[in-house]
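Asker: I'd like to ask some things about the structure below.
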Amino acid sequence: MGFPNWVDLILSLPAVLWAITFHEYCHGYVAYRLGDDTALRSGRLTLNPLAHLDPIGALMLLIFRFGWAKPVPISTRNFSNPRRDLVLVSLAGAVGNLITAVVCALLVRIFPAIFLSNIALSRFILLMIMINVGLAVFNLLPIPPLDGSRILYVLLPPKAMNVYFYLERYGIFLILILVMLGVVQAVMAPVTMAIFRIML
1 MGFPNWVDLI
11 LSLPAVLWAI
21 TFHEYCHGYV
31 AYRLGDDTAL
41 RSGRLTLNPL
51 AHLDPIGALM
61 LLIFRFGWAK
71 PVPISTRNFS
81 NPRRDLVLVS
91 LAGAVGNLIT
101 AVVCALLVRI
111 FPAIFLSNIA
121 LSRFILLMIM
131 INVGLAVFNL
141 LPIPPLDGSR
151 ILYVLLPPKA
161 MNVYFYLERY
171 GIFLILILVM
181 LGVVQAVMAP
191 VTMAIFRIML
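At position 97 of the sequence shown (counting the first as 1) the number is 97 in UniProt numbering, and the numbers step up by one without a gap.
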């Protein structure tokens, strides 16, 4: 995956800010609806991107089309069904990104003439779809501390969970190593492109 040109970088900025902000907002909102107000009390139940921005994760998303934001804090003690509710909260961010991508794809299908006549707008919408799909797929990878690993928490036996909790402390370094080795790209590329083609 090559580096985007400067035009794509400029057009990607609002797409990246929306993708990471809405992703984390969805986590916090679903947690709140399930009885946990931790995100609300910590000022994270907001669509203000500054509340969710992780500089390294945003840069990764801007350049490589996958990245992360500051995780929204939750407390499973406030859930009535912690195992089920943790899965729902973990899935919420990816679902929010996929909803964004679907809405953008529908706009292209419903108003094709508008996008065909405006190259910049067309490119921006394509980047919105690509970035949101990429963020959704990336966060569902079962690598701590990504959302996919939290979904596995409720499925794994206690000993395996302890290993995951241990790995979470070094999760960012593990992700960066896997990115440098090309493992993340190899796993994500076919899934992301398949979803992208289906939507368009």
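We put the beta carbon where it would ideally sit given N, CA and C, even for glycine.
Are the CB atoms of F64 and G35 nearer to each other than 9 Å?
Answerer: No.
Asker: Roughly how many angstroms separate the alpha carbons of L121 and V133, rounded to a whole number?
Answerer: Whole-angstrom Cα-Cα distance: 18 Å.
Asker: Which term fits R44, buried or exposed, when burial requires 16 or more other beta carbons within 10 angstroms of its beta carbon?
Answerer: Buried, since its Cβ has 16 or more Cβ neighbours within 10 Å.
Asker: How many angstroms separate the CA atom of P144 from the CA atom of A69?
Answerer: Their Cα atoms are separated by approximately 14 Å.
Asker: Apply the 10 Å Cβ neighbour rule to P157 and answer buried if 16 or more other Cβ atoms are within range, or exposed otherwise.
Answerer: Classification for P157: exposed.
Asker: Three or more C-beta pairs closer than 8 Å, one from the segment 7 to 24 and one from the segment 50 to 58: is that the case here?
Answerer: Yes, since at least three Cβ pairs between the segment 7 to 24 and the segment 50 to 58 fall closer than 8 Å, the two stretches touch.
Asker: Counting Cβ pairs closer than 8 Å, one from the segment 90 to 97 and one from the segment 171 to 179, do we hit at least three?
Answerer: Short answer: they don't touch.
Asker: Do A19 and M128 have their C-beta atoms within less than 9 Å of each other?
Answerer: Yes, these two residues count as a Cβ contact at 9 Å.
Asker: Which residue wins for smallest C-alpha separation from A15, given the options T76, C104, I198?
Answerer: With distances taken between Cα atoms, A15 lies closest to C104.
Asker: Mapping the DSSP letters down to three states, classify L29 as helix, strand or coil.
Answerer: Checking the displayed sequence, the identity of residue 29 turns out to be Tyr instead of Leu. It is helical.
Asker: Can you round the beta-carbon distance between G148 and L155 to whole angstroms, since I take them to be within the 8 Å contact cut?
Answerer: The pair is not a contact, with the Cβ atoms about 11 Å apart (cut-off 8 Å).
Asker: Taking its Cβ as the centre, do 16 or more other Cβ atoms sit within 10 Å of Y166, making it buried, or is it exposed?
Answerer: So Y166 ends up on the exposed side.
Asker: For the putative contact between V137 and V191, defined by C-beta atoms under 8 Å, what is the C-beta separation to the nearest angstrom?
Answerer: That belief holds up - the Cβ atoms of V137 and V191 are roughly 5 Å apart, short of 8 Å.
Asker: Smallest Cα separation from P151: which of V163, D8, R83?
Answerer: The sequence given here has Ile at residue 151, not Pro. If we check each option's Cα against that of I151, R83 comes out closest.
Asker: At the level of alpha carbons, what is the spacing between L178 and F111?
Answerer: Distance between the alpha carbons of L178 and F111: 40 Å.
Asker: For I131, which option in W6, V7, N5, L17 has the closest C-alpha, if you only look at C-alpha atoms?
Answerer: Comparing Cα-Cα distances from I131 to each of W6, V7, N5, L17, the minimum goes to L17.
Asker: Among S117, G28, L126, V87, which has the Cα closest to the Cα of L11?
Answerer: Taking only the C-alpha atoms, the option nearest L11 is L126.
Asker: Kindly indicate which three-state DSSP category D8 falls into: helix, strand or coil?
Answerer: Looking at D8 - three-state DSSP - the assignment turns out to be helix.
Asker: How long is the line joining the alpha carbons of I198 and G182, rounded to whole angstroms?
Answerer: Roughly 25 Å separates the two Cα atoms.
Asker: Note down, in chain order, each residue of its chain lying with its Cβ closer than 7 Å to the Cβ of Y32, except the 5 sequence neighbours on either side.
Answerer: Excluding residues within five positions, the ones whose Cβ falls inside 7 Å are A39, L40, L45.
Asker: Can you give the beta carbon distance from L13 to G67, rounded, assuming they're within the 8 Å contact cut?
Answerer: That pair is no contact at about 13 Å.
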